[in-house]
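Structure first, then comments.
In mature numbering (1 follows the signal peptide of the UniProt record, and there is no 0), the protein residues as written are -19 to -1, 1 to 455.
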């Protein structure tokens, strides 16, 4: 029951429960003081959740058309926060390790939704050391419980991601499958997305990840466990909603207009925290992620939203008219709508030094693998080329050029010996020739693995940097 959730709940008093959520941390305008958007929830202790459980289990069973008796423990676990009654007018003293002074008191009177027990406010922590800070609270019986404050600079790179049907299979368009995915099934990632996000995390040198979802905060324990064990960890932004029954939950989380306004507001908040950071935004077509990210781009421009990726979900409104409207005013090279077949299950193992092998694979399989999506992002970023990851990308163009020369030489030798160059070699030549010209402007179908590029010399990096970024190269 409630006590099964480690590091999340504890008694403030005999009749109270408390939840502390992972939080984003950012610097003030002077760049010296760390501020954290701390969030906590105080509720009346529920000793008996059976009325809520019975009603929910009955609704889920009737909707699914089958008994859920064998899943009752899992349903009970995921309903825990739904069975609580939020309490306002409670103070929550928090200490954040690694900060001086690093103390803050959250007061639900001053916080958002105080009457519902939710506290959300920016707290000044002082001078802090580290990118992940432990926030702790002690209960009245001296137990200590923690959350994480994820701090990040105002500039650099970041990823803003939806959760349901973007990185986690929820089947938002089907009520029956939503109930199964939310209360019964083990959470399942969208195939290929964990590898892609891991790749982004490594290639972009640990960018800040933010997960903005239309789901209610009552699902935080479930979603946080999934994200933290499957994807690069980061704060999760969820709606502060209350429900009287599960039917109400389904209605609210499928209200597209409500979710649109909520997500736009949350991303505006992220922009206020990190005004100089560039973001990749990732979503899907089931609800209003295209409209949300399009609106954010129009408000803040390419300096904030560098690239938009939208997963095309079968059964959703995937018409050209919809995307044209959603991305009005957004340059076509700033957004991509991709299919599941465009995401590789794992990162390709081909050696990019052998350009012929990479390109032959591309033409044979005609797939846009996970690193190819990464290159779409890179083609849109506008950053100083001194960062190693951009050296790698420009080195890739050099590698492809070298591959073209090698293929051309093999073709000439074959013709000299009375044979003919293969069609695949001709394709390689054309592809490699195009990549040298287009890698820094328009994305091209490439499959690569960035670590393999480490072996290239700095001289090659510098040469291709000058070609790709003439204004910035020295």
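Positions of the beta carbon are idealized from the N, C-alpha and C atoms, including for glycine.
Legend entry - Beta bridge counterpart(s) of residue 142 as assigned by DSSP: 192, 263
Inset, instruction - Tell me whether residue 308 sits in a helix, a strand or coil according to DSSP, three-state version. - result: coil
Legend entry - Extent of the continuous beta strand (DSSP E) run through residue 72: 72 to 77
Legend entry - C-beta contact flag for residue 8 and residue 135 at 9 Å: yes
Legend entry - Bounding residues of the beta strand (DSSP E) (the contiguous stretch that carries residue 286): 286 to 292
Legend entry - Local conformation of residue 3 per DSSP, three classes: coil
Inset, instruction - Grab the span of the beta strand (DSSP E) containing residue 217 for me, first residue to last. - result: 217 to 220
Legend entry - 8 Å CB neighbourhood of residue 48 in its chain, flanking five on each side removed: 42
Legend entry - Which listed residue (218, 21, 300) has its alpha carbon closest to that of residue 86: 21
Legend entry - For residue 81, three-class secondary structure by DSSP: strand
Inset, instruction - State the Cα-Cα distance for the pair residue 105 and residue 306, rounded to the nearest angstrom. - result: 41 Å
Inset, instruction - Assuming residue 244 contacts residue 195 (C-beta within less than 8 Å), just tell me the rounded distance between them. - result: 7 Å
Inset, instruction - Express the C-alpha separation of residue 261 and residue 31 in angstroms, rounding to a whole number. - result: 43 Å
Inset, instruction - Measure the Cβ-Cβ separation of residue 285 and residue 247 and say whether it is below 9 Å. - result: no
Legend entry - Straight-line Cα distance separating residue 62 from residue 200: 8 Å
Inset, instruction - Please classify residue 113: is it buried, with 16 or more other beta-carbons within 10 angstroms of its beta-carbon, or exposed? - result: exposed
Legend entry - Helix, strand or coil at residue 244 according to DSSP, with G and I counted as helix: helix
Legend entry - CA nearest to the CA of residue 323, picked from 290, 296, 206, 309: 290
Inset, instruction - Work out the CA separation of residue 238 and residue 88 for me, nearest whole Å. - result: 30 Å
Inset, instruction - Just mark residue 54 as buried or exposed, buried being the case when its beta carbon has 16 or more other beta carbons within 10 Å. - result: exposed
Legend entry - Neighbour-count burial assignment, residue 167, 16 or more Cβ in a 10 Å radius: exposed
Inset, instruction - Please report the residue range of the alpha helix (DSSP H) in which residue 315 lies. - result: No alpha helix (DSSP H) holds residue 315; DSSP gives it neither H nor E.
Inset, instruction - Would you mind stating whether residue 137 and residue 258 have Cβ atoms separated by less than 9 Å? - result: yes
Legend entry - Segment contact, 8 Å Cβ cut-off, at least three pairs: the segment 179 to 190 with the segment 64 to 77: no
Inset, instruction - Find out if the Cβ-Cβ distance for the pair residue 215, residue 198 is shorter than 9 Å. - result: no
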